[in-house]
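Notes to accompany the following structure.
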Amino acid sequence: MSRAGNVWDNSAMESFFSTLKTERTATKVYRTRNEARTDVFDYIERFYNPRRRHSKLGYLGPMEFEARAMLA
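Mind the numbering: the sequence shown is residues 18 to 89 in this note's numbering, read in order.
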């Protein structure tokens, strides 16, 4: 579609959605759309954003990274 670094390079989102599918939704069957929406929201807000380790943060979770930054 485009070269890396261009506006149309969506590798970050592709990586996120791959992780979401692998870690959360691939093995589940949702009865309703609302149930799926709630589960994905829970994954993003309660696990992926605050606790999941990120390579850009030295493999620390965001909360742990910020706590260490406050001590420095």
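We put the beta carbon where it would ideally sit given N, CA and C, even for glycine.
Self-check item: Environment of Y65 [buried if 16+ CB atoms lie within 10 Å]
Solution: Along the sequence shown, one-based indexing puts residue 65 at 48. So Y65 ends up on the buried side.
Quiz item: Is G78 closer than 7 Å to R85 when the C-beta atoms are compared?
Solution: The residue you call residue 85 lines up with position 68 of the sequence shown. The residue you call residue 78 lines up with position 61 of the sequence shown. The answer is no: Cβ separation not under 7 Å.
Exercise. Quick one: give me the first and last residue of the alpha helix (DSSP H) that S28 is part of.
Key: Mapped onto the sequence shown, residue 28 falls at position 11. Note, S28: alpha helix (DSSP H), 28-37.
Quiz item: What does DSSP give as the partner residues of L77 in its beta bridges?
Solution: As a position in the sequence shown, residue 77 is number 60, starting the count at 1. Looking at the DSSP assignment, L77 forms a beta bridge with H71.
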